[in-house]
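Quick note: the sequence shown, position 336, residue 336 per full-length UniProt numbering, numbers continuous.
Each residue gets a CB set at the ideal place from its N, CA and C atoms; glycine is no exception.
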Amino acid sequence: MRFSSLCAGLVNTASAPGLVHVRGASVYLSLLARQRRWQRGWLFCLTLLTLLLFFFSLIWGEFMLLPWQPMGDLEQRILLELRLPRALLALLAGAALACGGAVLQVMLHNPVAEPGLLGVSSGAGLAAMVAMAVAKSLGIYLPGWGLSLAAFGGALAVTMLLIRLARRARLGHTRLLLFGVAIGILTNAAMTWLMYFADDGSLREYMFWMMGSLSYGSQQLAWWWLVLPLTLGWLCWQGRALQQLLLGETQARLMGLDVDRMRVRLVLAVCLLTGIAVSLCGVIGFVGLVVPHLLRLCGGSDQRFLLPASALGGGALLLGADLVARSALNAGELPIGVITASVGAPLFIYLLLRQDANATA
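This is the structure in structure tokens:
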């Protein structure tokens with residue numbers, strides 16, 4: 001049904017006031033049911049795509065593991081100790097970054113908000129690098145949970161600073177984005193200073209934080225394989241609250257939402273997801289920008305659909321990027337952050353140009 005024919009049908013019934021509300025309500029319910037069927041179809045397709053990419057991540061590599069071939073001890077070790085943890089990490093980290101981007105875009109009312117662009121991921125990476133440097137200088141062993149806790153603190157500090165500026169300084173979308181980019185530049189400069197004064201062993205570890213990789217964090221996945229799914233599940237369950245926040249704080253309060261408490265919970269959840277993802281994978285940008293925007297174009301902006309779809313889409317994106325990173329070179333692998341930046345940077349430029357065009361229209 002075209003929109004013009006829908007409007008014409010509503011206008012023709014204006015002569016019968018008793019029928020206008022009935023006709024309008026029935027049309028609205030019909031369109032709502034059609035949208036929900038469309039969204040369920042997209043969730044089904046994303047689930048199939050994610051499962052397919054997960055399967056290829058297990059079998060694809062320099063040493064192929066074909067399902068119809070018998071598996072010896074070597075094949076089992078490659079599958080269970082290398083590829084399965086790496087595929088799980090790509091799935092969980094991609095889902096965490098994509099959901100974090102979708103939530104930040106609602107909380108900051110900024111369509112291009114994303115943990116990487118706003119400096120949240122860089123803040124987490126800097127805090128993790130500082131914790132590693134301090135622990136090494138003191139001769140203290142830093143466990144995986146301590147590294148993730150430091151990254152969580154860095155992400156939380158940057159996020160609270162951005163929210164404070166957005167609410168009190170009343171920065172517009174462009175100025176807030178520029179401020180976040182400036183924070184990212186400062187944190188990257190600090191990480192470069194740490195790399196400059198590091199020894200050879202620490203330099204390789206710091207390069208991991210700067211460019212992003214799944215090879216190091218997959219060895220520590222056992223620490224957080226429950227924390228990430230539980231936090232993601234809770235965040236995806238908050239679609240209704242985010243849909244209310246999307247209407248504005250005043251309207252959300254009128255609908256019975258405790259805005260202040262919900263904001264605190266959402267900030268903690270996003271920072272926890274970002275901090276853990278960065279501590280395991282390094283700084284990987286543009287996942288939280290690419291996935292939510294593509295899904296909005298496909299299935300609408302309903303947060304009850306967008307959050308679980310972003311989790312699936314982010315996992316699929318990082319699984320696909322990891323396959324490309326492992327297959328591009330014969331004797332090595334590309335940093336996964338290079339793959340995501342190659343996809344996300346052109347989309348970011350397009351979104352900025354479209355935002356400027358809408359502002360001048």
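Given that a residue counts as buried once 16 or more other Cβ atoms are within 10 Å of its Cβ, and exposed if not, what is residue i?
i	result
L162	buried
S137	exposed
C7	Since pLDDT at C7 reaches only 46, below the 50 mark, its modelled position is unreliable, and the value read off the structure follows with that caveat. Exposed, because fewer than 16 other Cβ atoms sit within 10 Å of the Cβ of C7.
A341	buried
R240	exposed
residue 390	Since the first residue of the chain shown is 1 and the last is 361, residue 390 is not available in this structure.
T50	buried
Q251	exposed
M191	buried
F152	buried
A166	buried
R83	buried
S4	Confidence at S4 is low in this model, with a pLDDT of 42, below 50, so the placement of that residue should be treated as unreliable; the coordinate-derived value is given next. Under this definition S4 is an exposed residue.
M71	exposed
Y206	buried
V283	buried
M160	exposed
From this set, the options, which residue's C-alpha is nearest residue i's C-alpha?
i	options	result
W225	L297, G144, G180 and V287	G144
N330	G61, L49, L165 and Q39	G61
A128	L147, L142 and M211	L147
W237	D199, G123, P308 and L194	P308
L92	R354, E114 and C281	C281
L178	A311, E114 and L273	E114
A311	G288, E333, G320 and S327	G288
G154	I183, Y141, L142 and R175	I183
G275	N110, L319, I140 and G116	G116
R86	L230, L214 and R175	L214
A102	A316, R175, W42 and R304	R304
L232	G100, R77 and L294	G100
G119	S202, A131 and L104	L104
V291	A98, L88, L52 and V338	A98
V227	A189, L186 and C271	C271
S279	G139, A150, V259 and V158	A150
G180	S122, L235 and L203	S122
A189	G125, Y141 and V134	G125
L334	L65, A157 and G212	G212
L297	Q39, R34 and A33	Q39
Compute the beta-carbon to beta-carbon distance between residue i and residue j, rounded to the nearest angstrom, for a pair I have assumed lies under 8 Å.
i	j	result
G285	G344	6 Å
L323	F56	6 Å
V106	L242	5 Å
L306	A96	Not really, about 15 Å apart at Cβ, beyond 8 Å.
L46	G313	6 Å
L352	V112	7 Å
I339	A316	Not really, about 13 Å apart at Cβ, beyond 8 Å.
Less than 6 Å separating the Cβ of residue i from some heavy atom of the ligand ADP?
i	result
L156	This structure lacks the ligand ADP; in fact it carries no ligand of any kind.
If you measure from the beta carbon of residue i to each beta carbon in chain B, is any gap under 7 Å?
i	result
W224	Considering every chain present, this structure includes no chain B. It has just one protein chain.
*Residue ranges of each alpha helix (DSSP H) run of no fewer than 4 residues wholly in the segment 257-285, ordered along the chain?*
259-281
*asked:* As an exercise, report each continuous beta strand (DSSP E) stretch of at least 3 residues that is fully enclosed by the segment 154-215, in chain order.
replied: none
_Secondary structure, alpha helix (DSSP H): runs of 4+ residues fully inside the segment 284-329_ = 287-299 and 303-327
_Quick check for students: name the residue ranges of the alpha helix (DSSP H) that lie wholly in the segment 63-136, counting only runs of 4 or more._
73-77 and 84-107
*Residue ranges of each alpha helix (DSSP H) run of no fewer than 4 residues wholly in the segment 218-252, ordered along the chain?*
227-236 and 239-246
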